[in-house]
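Participant: Residue numbering for the sequence shown follows our numbering, beginning at 13 and increasing consecutively.
Sending over a structure as structure tokens; questions will come in a sec.
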Amino acid sequence: MEWRSACRMVCFPVQMLYHIIRATLSTIVPGRRKDLTGEVVLVTGGGRGIGRHLAKEFARQGARKVILWGRTEKCLKETAEEISLSGTECHYFLCDVANREEVYKQAKVVREKVGDVTILVNNAAVVHGKSLMDSDDDSLLKSQHVNTLGQFWTTKAFLPRMLELQHGHVVCINSILSQSPIPGAIDYCTSKASSLAFMESLTLGLLDCPGVGCTTVLPFHTNTEMFQGMRVRFPQLFPPLNPEVVAQRTVDAVRADRAFLYLPWTMHALVILKSFMPQVALEEIHKFSGTYTCMNTFKGRT
Numbered sequence: 013m014e015w016r017s018a019c020r021m022v023c024f025p026v027q028m029l030y031h032i033i034r035a036t037l038s039t040i041v042p043g044r045r046k047d048l049t050g051e052v053v054l055v056t057g058g059g060r061g062i063g064r065h066l067a068k069e070f071a072r073q074g075a076r077k078v079i080l081w082g083r084t085e086k087c088l089k090e091t092a093e094e095i096s097l098s099g100t101e102c103h104y105f106l107c108d109v110a111n112r113e114e115v116y117k118q119a120k121v122v123r124e125k126v127g128d129v130t131i132l133v134n135n136a137a138v139v140h141g142k143s144l145m146d147s148d149d150d151s152l153l154k155s156q157h158v159n160t161l162g163q164f165w166t167t168k169a170f171l172p173r174m175l176e177l178q179h180g181h182v183v184c185i186n187s188i189l190s191q192s193p194i195p196g197a198i199d200y201c202t203s204k205a206s207s208l209a210f211m212e213s214l215t216l217g218l219l220d221c222p223g224v225g226c227t228t229v230l231p232f233h234t235n236t237e238m239f240q241g242m243r244v245r246f247p248q249l250f251p252p253l254n255p256e257v258v259a260q261r262t263v264d265a266v267r268a269d270r271a272f273l274y275l276p277w278t279m280h281a282l283v284i285l286k287s288f289m290p291q292v293a294l295e296e297i298h299k300f301s302g303t304y305t306c307m308n309t310f311k312g313r314t
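Structure representation (structure tokens):
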């Protein structure tokens with residue numbers, strides 16, 4: 013037994029080096045991509061913003077059916093009609109993911125009317141853009157219920173069937189702010205950090221579940237109405253992401269069974285710097301980049 017343990021300790025660094033090299037090569041030389049034909053995709057918050065582009069991108073890349081969940085029927089209907097015109101079957105349902113009973117009820121309706129969901133995209137989110145003292149309690153609770161707890165309910169609703177089929181994928185549209193928070197969005201940063209922990213735990217928990225995977229996307233500021241009015245000091249160096257690009261890269265990551273995706277790739281450097289730099293240095297970076305004041309002009313979704 014001791015001999016086996018010693019062998020494992022010796023082999024462990026070699027295994028780690030192998031996986032690092034393999035992961036690096038996979039980003040340079042794309043491997044085989046999963047075929048989306050036959051997949052039934054459900055996108056929460058699918059009526060507008062990144063969710064809308066995700067739904068359209070999944071349809072464009074061959075998904076058999078696309079399902080939209082959201083709270084605004086007008087937006088859902090417009091997106092569903094646009095996707096249907098492209099030739100992909102699309103359905104929409106009014107559902108507030110913060111409401112546990114509503115999620116379970118609508119999940120049952122989806123299974124009966126459309127079929128088993130094989131790709132779940134947890135995209136729905138809210139942001140209020142205020143400091144802790146300026147935020148009312150109801151707004152703070154809403155952020156946690158939608159951005160974090162909503163994923164608990166949707167995943168519990170659809171994951172069991174994926175495990176039975178040994179086929180499925182859970183996607184989370186997170187944010188780089190989950191690992192590098194900014195002032196003025198304390199509710200959003202906190203909820204996204206909780207969401208990231210949820211996905212990290214879920215990803216590890218599904219390692220021994222064949223055919224079922226996870227993808228967590230951590231984008232930088234994306235140019236959507238959700239963050240309307242947010243400003244960075246050097247937009248030429250840190251331009252906002254295009255939602256179409258975020259959608260394309262997300263679907264590609266799902267097809268490649270990639271667990272975590274940082275957008276843009278330079279966000280890796282930010283996470284690495286934060287892991288060893290002293291707090292005073294991090295504060296200077298925030299001052300230099302203007303993140304202390306980036307939410308001062310925040311308007312959010314009208």
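C-beta atoms are modelled at their ideal positions from N, C-alpha and C, and glycine is treated no differently.
Small disclaimer: the values here were computed from a predicted structure and weren't measured.
So Val126 and Lys77 are in contact, right, with Cβ under 8 Å, and what is the actual spacing, rounded?
Facilitator: Looking up residue 126 in the sequence shown gives position 114. Looking up residue 77 in the sequence shown gives position 65. The Cβ separation is near 6 Å, so the contact holds.
Participant: Checking 8 Å against the spacing of the C-beta atoms, do Thr56 and Val133 come in under that value?
Facilitator: Here residue 56 corresponds to residue number 44 of the sequence shown, with the count starting at 1. Here residue 133 corresponds to residue number 121 of the sequence shown, with the count starting at 1. Contact flag set, yes.
Participant: By a C-beta neighbour count over all protein chains shown, 10 Å radius and 16 as the cutoff for buried, is Gly141 buried or exposed?
Facilitator: Counting from 1 along the sequence shown, the entry for residue 141 is found at position 129. Buried, by the Cβ-count rule.
Participant: Would you tell me roughly how many angstroms separate the C-alpha atoms of Arg216 and Val115, rounded to the nearest one?
Facilitator: Position 204 of the sequence shown holds residue 216. Position 103 of the sequence shown holds residue 115. Residue 216 is actually Leu in this sequence, not Arg. Roughly 25 Å between the two C-alpha positions.
Participant: Taking C-alpha atoms, which residue in Val266, Gln260, Leu189 lies nearest to Leu282?
Facilitator: As a position in the sequence shown, residue 282 is number 270, starting the count at 1. Nearest in C-alpha terms to Leu282, of all of Val266, Gln260, Leu189, is Leu189.
Participant: By DSSP's criteria, Tyr274 is part of a beta bridge. Which residues make up the other side?
Facilitator: Here residue 274 refers to the residue found at position 262 when the sequence shown is read from its first residue. Paired residue(s): Leu230.
Participant: Which one of Leu48, His157, His179, Arg72 has the shortest CA to CA distance from Asn111?
Facilitator: Counted from its first residue, the sequence shown places residue 111 at position 99. Out of Leu48, His157, His179, Arg72, His157 has the C-alpha closest to the C-alpha of Asn111.
Participant: Classify Lys286 as helix, strand or coil using the three-state DSSP reduction.
Facilitator: Here residue 286 is taken as the residue at index 274 of the sequence shown, counted from 1. Lys286 falls in the helix class under three-state DSSP.
Participant: Would the region 196–212 and the region 159–170 be scored as touching if the rule is three or more Cβ pairs under 8 Å?
Facilitator: yes
Participant: Once the 5 residues before and after Tyr274 are set aside, which same chain residues still bring their CB inside 6 Å of it?
Facilitator: To locate residue 274, count along the sequence shown from 1; it is residue 262. Result list for Tyr274: Leu230, His280, in chain order.
Participant: Using the rule of at least 16 other Cβ atoms within 10 Å of the residue's Cβ for burial, across every protein chain shown, is Ser192 buried or exposed?
Facilitator: Taking the sequence shown and counting its residues from 1, the one referred to as residue 192 is at position 180. Looking at its Cβ environment, which holds 16 or more other Cβ atoms inside 10 Å, Ser192 is buried.
Participant: Enumerate in chain order the residues of its own chain whose CB-to-CB distance from Thr228 is below 6 Å, with the five nearest sequence positions on each side excluded.
Facilitator: Position 216 of the sequence shown, counted from the start, is the residue given in the question as residue 228. Answer for Thr228: Cys184, Asn186, Met211, Phe272, listed in chain order.
Participant: Who are Cys221's beta bridge partners in DSSP?
Facilitator: Stepping through the sequence shown from its first residue, residue 221 is reached at position 209. DSSP, once it has assigned bridges, lists no residue as partnering Cys221.
Participant: For the pair the region 84–98 and the region 145–155, tell me if three or more CB-CB distances fall below 8 Å.
Facilitator: no
Participant: Where does the unbroken alpha helix (DSSP H) through Thr56 begin, and where does it stop?
Facilitator: Position 44 of the sequence shown holds residue 56. Unbroken run through Thr56 is the beta strand (DSSP E), 52–56; no alpha helix (DSSP H).
Participant: Starting from Ile79, follow its DSSP beta bridges and name the residues at the other end.
Facilitator: In the sequence shown, counting from the first residue as 1, residue 79 sits at position 67. In DSSP, Ile79 forms a bridge with Leu54, His103.
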